[in-house]
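Please read the structure below before turning to the comments.
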Ligand SMILES: Cc1cc2nc3c(=O)[nH]c(=O)nc-3n(C[C@H](O)[C@H](O)[C@H](O)COP(=O)(O)OP(=O)(O)OC[C@H]3O[C@@H](n4cnc5c(N)ncnc54)[C@H](O)[C@@H]3O)c2cc1C
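Have a look at this one:
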């Protein structure tokens with residue numbers, strides 16, 4: 069059994085103060101190579117930074133564009149770059165702060181980049197350099213799992229668009245310079261009834277308030293109201309009517325990001341938990357020597373490796389083709405694996421897990437993996453819809469007989 073470093077306060081898990089990297093640990097998912105050097109410009113980033121502060125630090129260090137192929141947002145996401153950024157954020161920041169970054173990198177910014185014109189370009193530039201944050205406001209006051217029931221309206225009238233309605237539980241809402249708002253420009257649930265509008269936070273008629281959540285305050289989570297916010301048509305992002313197809317396309321990358329981040333988060337918590345178990349005296353040895361605990365821990369290792377394998381095999385289909393079934397598979401896997409692993413680890417910390425800012429708090433925050441950006445039930449429905457195709461893909465071709473060499477055939 070490998071020897072583990074002695075007990076050290078830096079291995080303690082807290083929600084606001086993340087554990088330090090453990091010496092000689094495997095660096096594949098945690099201390100990402102891109103950010104392993106001291107010169108990343110992130111050294112001054114406090115572990116209890118808010119999402120907006122973390123975003124500003126990553127932006128000022130010129131790191132945010134690494135999430136995209138060749139550093140160009142319109143070229144699509146670079147899986148390794150995105151995974152490195154999320155792992156670096158996870159290592160240095162709280163879950164709410166990493167959520168704040170993940171939503172912007174994976175969905176809000178790529179969606180905004182489907183638009184054109186100076187208004188869009190300026191917001192892209194300011195956000196990608198960390199000078200501003202951008203909120204993605206899809207979830208309405210209606211059930212988030214019933215997106216086409218959303219009520220927020222974008223009335224198109226000649227050269228203007230007027231936004232009226234409200235959005236709830238939006239990350240970055242209390243800090244954003246602008247909201248990318250999914251609104252309906254006509255009644256009904258038809259998929260062509262929705263459009264995206266870029267609404268500046270300081271436009272007359274916009275008001276925000278924090279969501280009633282200590283757990284997610286650092287993500288800037290909040291509610292926003294649009295009271296007849298009148299803007300010129302330059303604020304329409306993409307063509308009117310493309311709102312839902314664009315959302316369906318880009319939410320796939322958020323689902324990939326969730327799987328990549330989920331692996332980094334589980335790895336970090338498992339590592340800290342393993343040290344905790346190895347240091348916790350029990351009988352003549354430690355908790356780590358109890359076979360039931362080792363098997364329980366091994367089940368978590370199995371689950372996180374499954375998630376990593378899925379991300380490896382399906383990630384390219386999502387990044388390059390925005391494949392919705394591959395993305396649903398990743399989301400369903402992350403939405404069940406992360407709560408499972410963190411639930412098991414939290415249990416194994418015993419009473420210490422309930423310390424303020426301890427693993428029980430992280431576990432509660434991580435429950436969002438099964439809800440935000442598509443509840444697990446919704447993505448499982450999508451998998452069930454694709455049952456025949458998935459089963460076909462799993463089928464092996466029937467074995468063919470070896471071609472026989474009949475000597476008479478060559479005569
Ligand atoms: C911290 C935080 C940050 C967020 N950030 C953003 C953001 O940046 N942008 C944004 O647009 N939204 C954001 N959200 C909202 C998030 O996307 C929604 O919470 C999510 O889509 C679920 O919607 P809901 O909360 O309204 O749940 P509801 O629609 O009320 O559903 C509640 C539960 O019912 C069950 N359920 C629902 N439908 C079905 C079904 N068809 N079959 C079986 N069971 C079902 C599920 O268990 C689900 O969790 C955020 C939420 C949180 C908590």
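In the numbering used here, the protein residues as written are 69 to 479. Glycine is no exception: its CB is placed at the ideal position from the N, C-alpha and C atoms. Bear in mind the structure is a predicted one, so any value in this text is a computation, not a measurement.
Straight-line Cα distance separating residue j from residue i
i	j	result
residue 209	residue 460	40 Å
residue 169	residue 120	8 Å
residue 211	residue 442	11 Å
residue 281	residue 458	39 Å
residue 223	residue 290	24 Å
residue 335	residue 141	28 Å
residue 246	residue 138	26 Å
residue 202	residue 319	16 Å
residue 308	residue 250	11 Å
residue 27	residue 254	The structure shown does not extend to residue 27, since the chain spans only 69 to 479, so no value can be given for it.
residue 433	residue 116	15 Å
residue 316	residue 421	38 Å
residue 451	residue 386	15 Å
residue 425	residue 213	30 Å
residue 346	residue 159	22 Å
residue 110	residue 118	14 Å
residue 270	residue 378	42 Å
residue 360	residue 349	16 Å
residue 204	residue 248	5 Å
residue 423	residue 285	19 Å
residue 153	residue 303	29 Å
residue 392	residue 180	20 Å
Residue burial classification, residue i (beta-carbon count within 10 angstroms, cutoff 16)
i	result
residue 343	buried
residue 363	exposed
residue 112	exposed
residue 287	buried
residue 413	buried
residue 376	buried
residue 428	buried
residue 368	buried
residue 352	exposed
residue 187	buried
residue 462	exposed
residue 86	For residue 86, the pLDDT reaches just 40, beneath the cut-off of 50, and the residue's location in the model is therefore unreliable, although a value from the coordinates is still provided. Residue 86 should be labelled buried.
residue 252	buried
residue 355	buried
residue 161	buried
residue 105	Per-residue confidence for residue 105 stands at a pLDDT of 46, beneath the threshold of 50, marking its modelled position as unreliable; no derived number is given.
Assigned secondary structure, residue i (DSSP; H/G/I helix, E/B strand, else coil)
i	result
residue 471	coil
residue 198	coil
residue 459	helix
residue 445	helix
residue 203	strand
residue 347	helix
residue 236	strand
residue 258	coil
residue 250	strand
residue 157	helix
residue 284	coil
residue 111	coil
residue 221	strand
residue 307	coil
residue 426	coil
residue 290	strand
residue 354	strand
residue 312	helix
residue 465	coil
residue 338	helix
residue 300	strand
Supposed contact pair residue j and residue i - C-beta distance, whole angstroms, cut 8 Å
i	j	result
residue 243	residue 231	In fact, because the Cβ distance is near 20 Å, the residues do not count as touching under 8 Å.
residue 430	residue 410	6 Å
residue 166	residue 157	4 Å
residue 384	residue 163	With 8 Å as the limit, residue 384 and residue 163 do not qualify as a contact, their Cβ atoms being about 27 Å apart.
residue 196	residue 127	7 Å
residue 145	residue 135	6 Å
residue 216	residue 257	4 Å
residue 207	residue 235	6 Å
residue 273	residue 296	5 Å
residue 301	residue 227	5 Å
residue 191	residue 266	6 Å
Same chain, Cβ closer than 8 Å to residue i, five either side skipped, listed in chain order
i	result
residue 473	none
Other residues of its chain near residue i: CB distance less than 7 Å, five sequence neighbours each side excluded
i	result
residue 306	182, 183, 264 and 314
residue 437	326, 330, 402, 403, 406 and 407
residue 75	Here the model assigns residue 75 a pLDDT of 37, short of 50, so the residue's position is not dependable and the matter cannot be decided.
Nonlocal neighbours in the same chain, by C-beta distance under 6 Å from residue i, ignoring five residues either side
i	result
residue 447	396, 399 and 400
residue 322	174, 175 and 441
residue 394	382, 385 and 386
Below-9 Å beta-carbon distance, residue i vs any chain D residue
i	result
residue 235	Absent from the structure is chain D; it holds one protein chain and no more.
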